[in-house]
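Novice:
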Amino acid sequence: MIQPSRDEGGRNYPLVAASLVAIDPALPSTAILLLANELFFTGLRDQLASAIENSVEMLACKQFLEEQLRFGASSVADIDLAQQLLEKHLSVTTADSLSRSLSAAGRGDLESVLLAFVFHHRLLKKFRDSLPVQAYVLPLPAVEGDNVLAAVTWLALYHAATDNGAALEQCLIVRRPEGHFLVLLPAGLNEQIASQCWARRSIRSTWWISTT
58 MIQPSRDEGG
68 RNYPLVAASL
78 VAIDPALPST
88 AILLLANELF
98 FTGLRDQLAS
108 AIENSVEMLA
118 CKQFLEEQLR
128 FGASSVADID
138 LAQQLLEKHL
148 SVTTADSLSR
158 SLSAAGRGDL
168 ESVLLAFVFH
178 HRLLKKFRDS
188 LPVQAYVLPL
198 PAVEGDNVLA
208 AVTWLALYHA
218 ATDNGAALEQ
228 CLIVRRPEGH
238 FLVLLPAGLN
248 EQIASQCWAR
258 RSIRSTWWIS
268 TT
């Protein structure tokens, strides 16, 4: 979780709440993890927003993060429920609705996005070390809850197009005044992509999911 902040000297800097945990080969896809942990991320975002104001709230945020991690990322029931919710949402999401959201955001058309998923994934497998890092910036509804459902829809499409995604796959949900966006990073985040996400823009908050 990344939250914009400012110190007493007026300098802008990101306030970050994060934890590194051992990766489990049995973990579900990024889409399922994101959906299963939605309430956790929402609570953490609220805690982090309060922590900006004073150090006491910062300690409370730290305790919240530690307590949640103590119980594991998600229970089996959470994962199963997320899987069912994703399947139900995909069954009622039409290709036309995705195309309209892309067109409204000036992001091209659905066919081009899916072809980009496929071809870039093949290039990554063959020329990983020599390819520049690429990011897909995909539109989301600017409504909490709906934005996560739209994000996991894009992730599910990416996984379907690429045989369950890339080894270094990461994603960001970025909240900007002009809208919410999923930033999908097949080869991970680097300084250039980070600067494109944040430079000269007002960012309210960001969720960051990494499976690496």
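In the working numbering, the protein residues as written are 58 to 269.
Just so it is clear, CB atoms sit at the ideal spot from N, CA and C, and this is done for glycine as well.
Measuring alpha carbon to alpha carbon, tell me which of Ser252, His237 and Phe184 ends up nearest Asp203.
Specialist: His237
Novice: State the Cα-Cα distance for the pair Thr210 and Leu188, rounded to the nearest angstrom.
Specialist: 26 Å
Novice: From the DSSP secondary-structure annotation, give me the bridge partner or partners of Phe303.
Specialist: Residue 303 is absent from the model: the chain starts at 58 and stops at 269.
Novice: Return yes when the Cβ of Ala207 is within less than 8 Å of the Cβ of Ala88, no when it is not.
Specialist: No, these two residues do not count as a Cβ contact at 8 Å.
Novice: For Gln104, which residues in the same chain have their Cβ closer than 6 Å to its Cβ, ignoring the five residues on either side in sequence?
Specialist: Answer for Gln104: Cys118 and Phe121, listed in chain order.
Novice: Quick one: is Cys254 buried, meaning 16 or more other Cβ sit within 10 Å of its Cβ, or exposed?
Specialist: buried
Novice: Where does Leu172 land, buried or exposed, given buried means 16+ other C-beta within 10 angstroms?
Specialist: Burial call: exposed.
Novice: Roughly how many angstroms separate the alpha carbons of Gly165 and Glu124, rounded to a whole number?
Specialist: Within the model, the alpha-carbon separation for Gly165 versus Glu124 is close to 43 Å.
Novice: Leu143 and Leu92 - do their beta-carbons sit closer together than 8 Å?
Specialist: yes
Novice: Enumerate in chain order the residues of its own chain whose CB-to-CB distance from Arg185 is below 6 Å, with the five nearest sequence positions on each side excluded.
Specialist: Non-local C-beta neighbours of Arg185 in its own chain, meaning closer than 6 Å and more than five positions away in sequence, are absent.
Novice: Which residues mark the beginning and the end of the alpha helix (DSSP H) in which Ser160 is found?
Specialist: Ala152 to Ala161
Novice: When the Cα atoms are used, what is the spatial distance from Asp137 to Leu239?
Specialist: 23 Å
Novice: With Arg68 as the anchor, note down where its alpha helix (DSSP H) starts and where it stops.
Specialist: Taken as a continuous stretch (DSSP letters only), Arg68 belongs to no alpha helix (DSSP H), as it is neither H nor E.
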